[in-house]
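**Q** Sharing a structure with you now.
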Amino acid sequence: MTSTTRSIAPLRPGPIPALRAGISAGRLRTFGLLLPAILLVLLFLYYPLVFIVQMSFTQGSSFLSPTGAITTVANYTLIASRYLPNLLVTLQLALLATIVDLVFGFPFAYILVRKVHYRTAVRALMVFPMFGALYIAFGMRFILLPGGPATPILQALGIASTDALFSLPSVVFAMSIFTFPFMVLNIGTALGNVDPTLEEAAACLGARPWQTFRRILVPLTRAGTVAGALTVFGWSIGTFAEPLLLGSANEQRALAWTVYQRGVVQTDYGLSTAMGVVLLGVAFVVTYLSLRYSRGALVE
Amino acid sequence: MTTADPTAGVARRPVVSGRRLTDAVSHAYIWTILVLFILPFVALLGFSLTSRPGGSGPVANYRYVVDTFGDNLLWSLKISGLTLLINVLVSLPAGYAIVRHTFPGKRTLFSALTLPLYVPGAVIGISLVLTYNFTYHLTTSMWGLVLAMALGTFPLMLTPIVVALKDLPVIFEEAAACLGATRWQTYRRIVLPLIGPGLSAGLLLCFIIVFNEYLVTLFVHPPGLTTAPLRVFNQIRTAGLDPATAALAVTMQLISLAAVLLFFRLFGTRHLKGTYLL
Chain G
545 MTSTTRSIAP
555 LRPGPIPALR
565 AGISAGRLRT
575 FGLLLPAILL
585 VLLFLYYPLV
595 FIVQMSFTQG
605 SSFLSPTGAI
615 TTVANYTLIA
625 SRYLPNLLVT
635 LQLALLATIV
645 DLVFGFPFAY
655 ILVRKVHYRT
665 AVRALMVFPM
675 FGALYIAFGM
685 RFILLPGGPA
695 TPILQALGIA
705 STDALFSLPS
715 VVFAMSIFTF
725 PFMVLNIGTA
735 LGNVDPTLEE
745 AAACLGARPW
755 QTFRRILVPL
765 TRAGTVAGAL
775 TVFGWSIGTF
785 AEPLLLGSAN
795 EQRALAWTVY
805 QRGVVQTDYG
815 LSTAMGVVLL
825 GVAFVVTYLS
835 LRYSRGALVE
Chain U
10 MTTADPTAGV
20 ARRPVVSGRR
30 LTDAVSHAYI
40 WTILVLFILP
50 FVALLGFSLT
60 SRPGGSGPVA
70 NYRYVVDTFG
80 DNLLWSLKIS
90 GLTLLINVLV
100 SLPAGYAIVR
110 HTFPGKRTLF
120 SALTLPLYVP
130 GAVIGISLVL
140 TYNFTYHLTT
150 SMWGLVLAMA
160 LGTFPLMLTP
170 IVVALKDLPV
180 IFEEAAACLG
190 ATRWQTYRRI
200 VLPLIGPGLS
210 AGLLLCFIIV
220 FNEYLVTLFV
230 HPPGLTTAPL
240 RVFNQIRTAG
250 LDPATAALAV
260 TMQLISLAAV
270 LLFFRLFGTR
280 HLKGTYLL
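Same order as they appear, the protein sequences are chains G and U.
The first sequence begins at 545 in our numbering and counts up one residue at a time.
The second sequence begins at 10 in our numbering and counts up one residue at a time.
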């Protein structure tokens, strides 16, 4: 596409071809078109991120004191010691949600791509989780409430309804519902590019379904699956409403909520921004890996 | 919504024993998961139709939404509208430059522009609330919230625009140019109508996200301005579970669903390719 554009470009009116040698008007126009977007991310993403990185090396709210900020790395050592469980529980929740999505998402995507003819209905229903984790958490909390709709089912399964709400599984369940569509989207796209005749060929050559899955489907969809898992993991580490509304004291320590508590409620800016930076670091590592695997080729 | 015959499409394929059983299990699996998807919504819907303590039935709950939460709904709509406007104004030129112009570092730039999607909401929230406080002095303005929303969602607008422009052969623009149209005319009369569905996909995605956003809003909302999702969040935290709050959550989801169904009706689903919806 790009090369076509380039080769035909001289046909356009205007001064582009003539000026191509110097700093052309075209360059300037490109820059002008990109400027609003660049300004938006610079002012409201990159500068604020630099700001919190700086602030994470100051003590408490000493940033505000007239005698100047006290520089320290204590916030990070505190995270590595006292707040380590917060970080670990965040990673644990994200990992569990990713695993649940992966295990249930792969068959779902496979059936959707290969067998389902009513995909529009499925798509319409699959947008519900996109409306937000808040409503999912709210709904789940009502369902699991002792005396709520799920109580008879839970009793039949031998689970005390007081154990179901405010527990790790209910948090993970809500988180997996929220992120499930992203997983299915990624795996489904990858599966859509796998020729069904490959599976038929494998079956004709005597492969069992399990062998076809392991030797044909998994290798051919690896990029999509890995990208999906990383995307889900990256989204899940920022989980906020689910642990808060559905978790026990342990899950409520999830990092995003602690950032809010320490930063906005208790105005311990140093510690709160340091936690934010840690969260950001995890998110960046995951995103970097995910972009290496996924459709990073969208632009070129 | 169609309920397809589970055995449809089987006839064309080679008959394998147990095929029908596998198909039945497959479709049961799909529907089980879909039921789990809408379970929280159905539960909230049911809850919103129960009586409040001292209230009188479902109608009272929804009347309460209009009377008490009406302001919050209006704020949500207003913030969403302004955010969509900014998103369009930012993404259209940027998307055009990214697809149609050649410049070095294009891929890096695109990654840098879409990065907000991958930054956790709480991090965007804390970084913005601090810079709003100490650098920009935007804490009391509605625009602080709008710009925060725009930053978080404009990549969702940019991506469908880029996809739509890449799918649009450049010959239309060249033809227009050859026939003497100015750059602006070409842009307005040729490009914009042809990428309309892609643009709408972006609008839909951004609307759904912004309309239901509570997390960044919790950090940066100016005093006295509470959007509807934030109100839901606050109500659950302070007032516990209340059918009226459930009614508000149901209202929000129904408005969002209406937007999605309207889009499906008008444009189908294929324009959402390359975005976060199937």
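By construction, the Cβ of each residue, glycine as well, lies at the ideal position given by its N, Cα and C atoms.
Nothing here was measured: the structure is a model prediction, and the numbers come from that model.
#1: Would a check of beta-carbon distances place residue 714(G) closer than 9 angstroms to chain U?
#2: Quick check: the Cα distance between residue 654(G) and residue 33(U), rounded to an integer number of angstroms?
#3: Could you tell me whether the Cβ of residue 813(G) comes closer than 9 angstroms to any Cβ of chain B?
#4: Which residues of chain U have a Cβ atom closer than 8 angstroms to the Cβ of residue 581(G), listed in chain order?
#5: Residues of chain G with CB closer than 8 angstroms to the CB of residue 73(U), please, in chain order.
#6: CB of residue 77(U) to nearest heavy atom of the ligand SAH: below 8 angstroms?
#7: Only counting the same chain, and skipping five residues up and downstream in sequence, which positions put a Cβ closer than 6 angstroms to that of residue 824(G)?
#8: Taking the alpha-carbon of residue 161(U) as reference, which of 137(U), 180(U) and 150(U) has the nearest alpha-carbon?
#9: Among residues of its own chain, excluding the 5 on either side of residue 565(G), which ones have a beta-carbon nearer than 6 angstroms to its beta-carbon?
#10: Let me see if you follow: with CB-CB separation under 9 angstroms, is residue 55(U) close to chain G or not?
#11: Among residues of its own chain, excluding the 5 on either side of residue 820(G), which ones have a beta-carbon nearer than 8 angstroms to its beta-carbon?
#12: Let's test the definition: count the other Cβ atoms within 10 Å of the Cβ of residue 858(G) and tell me whether it reaches 16, buried, or not, exposed.
#13: Suppose you measure from the CA of residue 120(U) to the CA of residue 129(U); what does that come to, to the nearest Å?
#14: Could one say the Cβ of residue 565(G) lies closer than 9 angstroms to chain U's Cβ atoms, at least one of them?
#15: Taking all protein chains shown into account, decide if residue 744(G) is buried (16 or more other Cβ within 10 angstroms of its Cβ) or exposed.
#16: Under the rule that 16 or more other beta-carbon atoms within 10 Å means buried, what is residue 221(U), buried or exposed?
#17: Tell me where the alpha helix (DSSP H) around residue 89(U) begins and ends.
#18: Leaving out the 5 sequence neighbours to the left and right, which residues in its chain are closer than 7 angstroms to residue 760(G) when beta-carbon positions are compared?
#19: Mind checking whether residue 275(U) and residue 209(U) have CB atoms under 9 angstroms apart?
#20: Let me know the secondary structure DSSP gives residue 615(G) once reduced to three states.
#21: Give me the chain G residues within the contact set of residue 221(U), using Cβ-Cβ distance strictly less than 7 angstroms, ordered along the chain.
#22: At the level of alpha carbons, what is the spacing between residue 12(U) and residue 662(G)?
#23: I need the DSSP call for residue 664(G), collapsed to helix, strand or coil.
#24: Would you say residue 604(G) lies against chain U (beta-carbon separation less than 9 angstroms)?
#25: The alpha helix (DSSP H) that contains residue 645(G), what's its start and end?
#26: Hey, how far is the Cα of residue 592(G) from the Cα of residue 172(U)?
#27: Which word fits residue 146(U), buried or exposed, when buried means at least 16 other C-beta atoms lie within 10 angstroms of its C-beta?
#28: Are any of the Cβ atoms in chain U nearer than 9 angstroms to that of residue 651(G)?
#29: At 4 residues or longer, what runs of the alpha helix (DSSP H) sit wholly inside the region 198 to 232 of chain U?
**A** From the atom records:
#1: The count along the first sequence starts at 1 and reaches residue 714(G) at position 170. For residue 714(G), no Cβ of chain U is located within less than 9 angstroms of the residue's own Cβ.
#2: Translated into the one-based positions of the first sequence, residue 654(G) becomes position 110. Translated into the one-based positions of the second sequence, residue 33(U) becomes position 24. Their Cα atoms are separated by approximately 14 angstroms.
#3: Of the protein chains in this structure, namely G and U, none is chain B.
#4: Counting from 1 along the first sequence, the entry for residue 581(G) is found at position 37. Counting only Cβ-Cβ distances below 8 angstroms, residue 581(G) has contacts in chain U at 99, 100, 102, 103, 122, 163 and 167, in chain order.
#5: Indexing the second sequence from 1 puts residue 73(U) at position 64. Here the premise fails: no neighbours, minimum Cβ distance about 17 angstroms.
#6: With respect to the ligand SAH, the structure offers nothing, as it holds no ligand at all.
#7: Looking up residue 824(G) in the first sequence gives position 280. Result list for residue 824(G): empty, nothing under 6 angstroms.
#8: For the purposes of this step, residue 161(U) is taken as the residue at position 152 of the second sequence. Taking the Cα of residue 161(U) as reference, the smallest distance to any Cα among 137(U), 180(U) and 150(U) is reached at 137(U).
#9: Start at 1 with the first residue of the first sequence, and residue 565(G) comes out as number 21. For residue 565(G), the predicted structure reports a pLDDT of 48, less than 50, and the residue's modelled location is therefore unreliable. A value from the coordinates is still provided. For residue 565(G), where only same-chain residues beyond five positions count, there are no Cβ hits under 6 angstroms.
#10: Within the second sequence, the letter at position 46 stands for residue 55(U). Yes, residue 55(U) lies at the interface with chain G (some Cβ there is under 9 angstroms from its Cβ).
#11: Looking up residue 820(G) in the first sequence gives position 276. Excluding sequence neighbours, residue 820(G) sits near 596, 600, 803 and 807.
#12: In the structure as shown, chain G begins at 545 and stops at 844. Residue 858(G) is therefore absent and cannot be evaluated.
#13: The sequence position of residue 120(U) within the second sequence is 111, counting from 1. The sequence position of residue 129(U) within the second sequence is 120, counting from 1. Their Cα atoms are separated by approximately 16 angstroms.
#14: As a working note, residue 565(G) is residue 21 in the first sequence. Caution applies to residue 565(G), whose pLDDT of 48 falls short of 50 and renders its modelled position unreliable; the value that the coordinates give is listed next. Not closer than 9 angstroms to any Cβ of chain U, the Cβ of residue 565(G) fails to qualify, so no.
#15: Stepping through the first sequence from its first residue, residue 744(G) is reached at position 200. Classification for residue 744(G): exposed.
#16: Within the second sequence, residue 221(U) is the residue found at index 212, counting from 1. Counting Cβ neighbours within 10 Å, residue 221(U) comes out buried, since at least 16 surround it.
#17: Here the question's residue 89(U) lines up with position 80 in the second sequence. Residue 89(U) -> alpha helix (DSSP H) spans 79 to 109.
#18: For the purposes of this step, residue 760(G) is identified with residue 216 of the first sequence, where counting begins at 1. Closer than 7 angstroms at Cβ, skipping near neighbours: 742, 743 and 746.
#19: The count along the second sequence starts at 1 and reaches residue 275(U) at position 266. The count along the second sequence starts at 1 and reaches residue 209(U) at position 200. It is a contact, given that the beta carbons lie within the stated cut-off.
#20: On the first sequence, residue 615(G) is found 71 positions in, with the first residue counted as 1. Here residue 615(G) sits in strand by DSSP.
#21: Translated into positions along the second sequence, residue 221(U) becomes position 212. Within chain G, the residues near residue 221(U) are 675 and 676.
#22: One-based indexing of the second sequence puts residue 12(U) at position 3. One-based indexing of the first sequence puts residue 662(G) at position 118. Residue placement at residue 12(U) is flagged as unreliable, the pLDDT there being 48, under the threshold of 50; a coordinate-derived value is accordingly withheld.
#23: Translated into the one-based positions of the first sequence, residue 664(G) becomes position 120. In this structure, residue 664(G) counts as helix in the three-state DSSP scheme.
#24: The count along the first sequence starts at 1 and reaches residue 604(G) at position 60. Answer no: the Cβ-Cβ gap between residue 604(G) and chain U never drops below 9 angstroms.
#25: Stepping through the first sequence from its first residue, residue 645(G) is reached at position 101. It spans 628 to 658 - the alpha helix (DSSP H) in which residue 645(G) sits, taken as one unbroken run.
#26: Position 48 of the first sequence, counted from the start, is the residue given in the question as residue 592(G). Position 163 of the second sequence, counted from the start, is the residue given in the question as residue 172(U). In this structure, the alpha-carbon of residue 592(G) lies about 29 angstroms from that of residue 172(U).
#27: Here residue 146(U) corresponds to residue number 137 of the second sequence, with the count starting at 1. So residue 146(U) ends up on the exposed side.
#28: Against the first sequence, residue 651(G) aligns to sequence position 107. Yes - at least one Cβ of chain U is within 9 angstroms of the one on residue 651(G).
#29: Within the region 198 to 232 of chain U, the complete alpha helix (DSSP H) segments at least 4 residues long are 205 to 220 and 224 to 229, listed from N- to C-terminus.
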